[in-house]
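Going line by line, the protein sequences match chains V and F.
Quick note: the first sequence uses my numbering, first residue 14, plus one each step.
Quick note: the second sequence uses my numbering, first residue 62, plus one each step.
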Amino acid sequence: MNRIISFPHVGDYSYFIKPFLEKVTLEKVKIAPPITKKTVEIGSKLSPDSVCMPFKYNIGCYVEALEEGANILFQFGGGCRYGNYAELQKTILSDLGYEFEFYEFIKKGKTSFNYIYKTFKSINSELTRMTLLKELILVFLKIMIFDKSEHYTRKKIEKDEGEFKKLKYKFINDLCNERNIFKIFKIKHHYKLKRKTIKVKKPKLKVGIIGELYTAMEPFSTFNLENELKKYDISVKRFTDVSYLLFYKKLFHPFFRFKIKDYLKYHIGADATCNVYRLLYLKKKGYDGVIHTKPFGCTPEVGVMPILSKISNEENIPIMFLSFDTQDSDTGMRTRIEAFNDMLLMRKEKKNGK
Amino acid sequence: MGNKKAYLGIDIGSISTKGVIIDENNNIICSSYLWTKGVPIQAVKNLLKELKKNLPDGYIVVSCGTTGSARRLIGIMTGASVIKNEITAHAIGTSSIYKDVKTIFEIGGQDSKIILIDNGIVTDYAMNTICAAGTGAFLSSQAKRLEIDVQDFGRIALTSKNPTKIAARCTVFAESDLVHKAQIGHKKEDIIAGLCYSVVNNYLNNVAKGKKIKPPIVFQGGVSKNIGVVKAFCDVTGEDIITDPNGHLMGALGVAILSKKEKEEVFDFNVLDLDFETKGYECKRCPNHCEIIAIKKDKKIIDTWGNRCERGAII
């Protein structure tokens, strides 16, 4: 039987994970069909109703991938309730009669090199630690380079809409096909220069996006919030991406905890603790407003909302809370963004004394 | 036709459609208010007819703005110079009449919002998100259950001396609470008054949560016509609540004021009699199946929306 590997989407990271899995497992890897309304429909039909939204999206992706012939599935999530997804998803999918193997990257909230090695070893018995290490470094490097480029493009507003997007996919393509570290840096440099040649406008406002990780990284789940904001000439800063989750979070977490000790003493799960720090940071850096996104019913983020409201009142920085589930219409969100934009502009005008 | 300039604002909500015409000093010259009945285009046609009839001689409408949930559709059709969201429109409209207003409570048919204003500018706002609890729709469905007219709701509520406590969190809980309380013998007027309090508590606990409510407070939207709810707001917040007889027109007024800044062009009241057609179809180019709406004027597409990618773009 042909072994075909697949995994759920988060943003554009699938393109990076595919070559990595191919090299490590030596099996065929298939990227699940892009997330569409149909994915969400399947997902919400098969998931418990009250579960958070990423679960539904994941299930939808799995089913679509299984329909396309995949039979080895991966779950990369962990942290909050996400960490318990794998078990339930496995059960739901096998109850539907699909036959597949299911692997998780993070077990009981923890992961280690050895654990990952063992997982892949059970798929590809010829795998050595050296190969895995090399591939991991390569894929992390690529992802970090990509995330950095995304940070740049989010901040800039191109004159002709879509220029950055076109360049992004070329960049991803070149990056993913390259295995030589020196050439990767060459590509990075090349595209950096290219991005600089794109004509940009001066942003009218600066807004930070904080909140839960899935809604931050998967544009489909938030009706492409960042693009919507760009239409109003708003430059966006977003913290959460894969390089943050893998490295920066671990590295800076004690620092964040120290910085926010006046507001929050304990770790309250997932990215909630960091969000408090981020809000203070954005205020300090002179951002005009903050948008907080979360799936409906996300426990850590709901827990942190009163603290964020308090800071927003005390420090006088507007914050808008958006909850997303599997709803179909984006009208509500657009109205809110439009009003938020109006409000920020009015505040800014007043501040500048016009 | 005269030459005094006038400006038109239309607010097309889910339940009702409101229109005002103002002069250059933001005074309302004439207004109209009717039900949308799910057909915004027809409602606006009727609205324009009525406004045209009521417009005194000597005025000429030079600019038009739209707001409300059907603002984009109607905005394109009428060639409006401003298409604005309800929140901004309400804030501007209300602060043009109450210059020192600090808080606006708005409860409409489907949504409820709170707008905080400082020196005439919006500093913070919130809108109910996924749930429609505590809005006009809930009150009217409960009125139907109790077999009373929504218009009498407030009057009956005021006769109660001991309002029944009804769960405020969620309409489903509120409804089962209501049935239960009725069955164990609570008086009807007490239950009705209890419902008014539950709407207020729901509003203050959800939409207005964490917001600093400062007087003067203006309460508007369809539910502000319900004196029972107004009284409940007074009791719970301990502040005076201002309601305006023109409270329902604030959105339309706001957008009319906004349209003053735009370029001027004589507005044709018969604009909707042209051959307009809206056509909805599903884009089949990918499994997303975007529902695209195209608006045609004289068989030519003038605008489309609903598509999420380039593939669905047809003009």
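We put the CB at the ideal spot given by N, CA and C, even for glycine.
For clarity, every value in this text was computed on a predicted model and none was experimentally measured.
In the displayed model, glycine 299 (chain V) falls within coil according to three-state DSSP, outside both helix and strand. Taking 7 Å as the cut-off, the beta carbon of glutamate 225 (chain V) is found closer than this to the beta carbon of cysteine 311 (chain V). Relative to isoleucine 158 (chain V), the option among V:Gly175, V:Phe133, V:Thr124, V:Phe195 whose CA is nearest is V:Phe195.
Bounds of the beta strand (DSSP E) holding isoleucine 354 (chain F) are 352-358.
Between serine 202 (chain F) and valine 211 (chain F), the gap from beta carbon to beta carbon reaches 7 Å or more. Between proline 101 (chain F) and chain V, the shortest Cβ-Cβ separation is not below 7 Å. Per DSSP, cysteine 347 (chain F) lies in no beta strand (DSSP E) and is assigned neither H nor E.
Residues of the region 349-369 of chain F with a C-beta less than 7 Å from any C-beta of chain V: Asn349, His350, listed in chain order. Taking a cut-off of 8 Å for Cβ pairs, the region 68-87 of chain F and the region 97-111 of chain F touch, as three or more such pairs fall below it.
For the region 352-363 of chain V, the beta-carbon criterion of a distance under 7 Å to any beta-carbon of chain F is satisfied by Ala352, Asp355, Met356, Met359, Arg360, Lys363.
Spatial neighbours of glycine 283 (chain F) in its own chain (CB-CB distance under 8 Å, excluding positions within 5 residues in sequence) are listed in chain order as Ile76, Ser77, Ile168, Gly169, Gly170, Gly197, His309. Within the region 50-77 of chain V, Lys50, Lys51, Thr52, Glu77 place their CB atoms closer than 9 Å to a CB of chain F, listed in sequence order. By the rule that beta-carbons nearer than 7 Å mark a contact, threonine 312 (chain V) does not touch chain F. Close CB contacts of aspartate 343 (chain V) within its chain, under the 7 Å cut and outside five residues either way in sequence, are with Phe236 (chain order).
Within the region 177-211 of chain F, contact with chain V at the beta-carbon level (separation under 9 Å) is assigned to Asp179, Asn180, Gly181, Ile182, Val183, Thr184, Asp185, Tyr186, Ala187, Met188, Thr190, Ile191. Only those residues of the region 123-148 of chain F whose C-beta falls short of 8 Å from the nearest C-beta of chain V are listed: Ser130, Lys145, Asn146, Glu147, Ile148.
Shown here for phenylalanine 252 (chain V): same chain residues with a beta carbon closer than 6 Å to its own, the five before and five after excluded, namely Arg291 in chain order. The region 320-331 of chain F makes no contact with the region 297-312 of chain F; the number of CB pairs closer than 8 Å stays below 3. Residue environment for histidine 305 (chain V): buried (at least 16 other C-beta atoms within 10 angstroms of its C-beta). When rounded, the separation of the alpha-carbon atoms in valine 23 (chain V) and serine 92 (chain F) is 51 Å.
Distance between lysine 178 (chain V) and lysine 207 (chain V), taken at the CA atoms: about 13 Å. Going by DSSP, glutamine 103 (chain F) is part of the alpha helix (DSSP H) stretching over 101-115. At a cut-off of 7 Å between beta-carbon atoms, serine 322 (chain V) makes contact with chain F. Boundaries of the alpha helix (DSSP H) around leucine 106 (chain V): 98-108.
DSSP places serine 92 (chain F) in no alpha helix (DSSP H) but in the uninterrupted beta strand (DSSP E) bounded by 89-96. Between the beta-carbon of lysine 66 (chain F) and that of isoleucine 121 (chain F) there is about 7 Å, and that keeps the pair under the 8 Å contact cut.
In this structure proline 117 (chain F) is exposed. Its beta-carbon is surrounded by fewer than 16 other beta-carbon atoms within 10 angstroms.
Residue state for cysteine 370 (chain F) is assigned as coil, using DSSP reduced to three classes. At a Cβ-Cβ threshold of 7 Å, lysine 357 (chain F) and glutamate 326 (chain F) do not count as neighbours. In the same chain as aspartate 251 (chain F), and ignoring 5 residues on each side of it, the C-beta atoms closer than 7 Å to its own belong to Ser221, Asn223, Pro224, Thr225, in chain order. Annotated three-state conformation of leucine 140 (chain V) is coil, per DSSP. The shortest CA-to-CA distance from aspartate 172 (chain F) to any of V:Asp160, V:Tyr26, V:Gly345 is the one to V:Gly345.
Burial state of glutamine 88 (chain V) is buried, judged by a 10 Å Cβ sphere holding 16 or more other Cβ atoms. Under the rule that a run must span 3 or more residues, the beta strand (DSSP E) segments found entirely inside the region 294-324 of chain F read 302-304. The beta carbon of proline 232 (chain V) sits no closer than 7 Å to any beta carbon of chain F.
Interface flag for glycine 271 (chain F) against chain V is set, since a Cβ pair is found closer than 7 Å.
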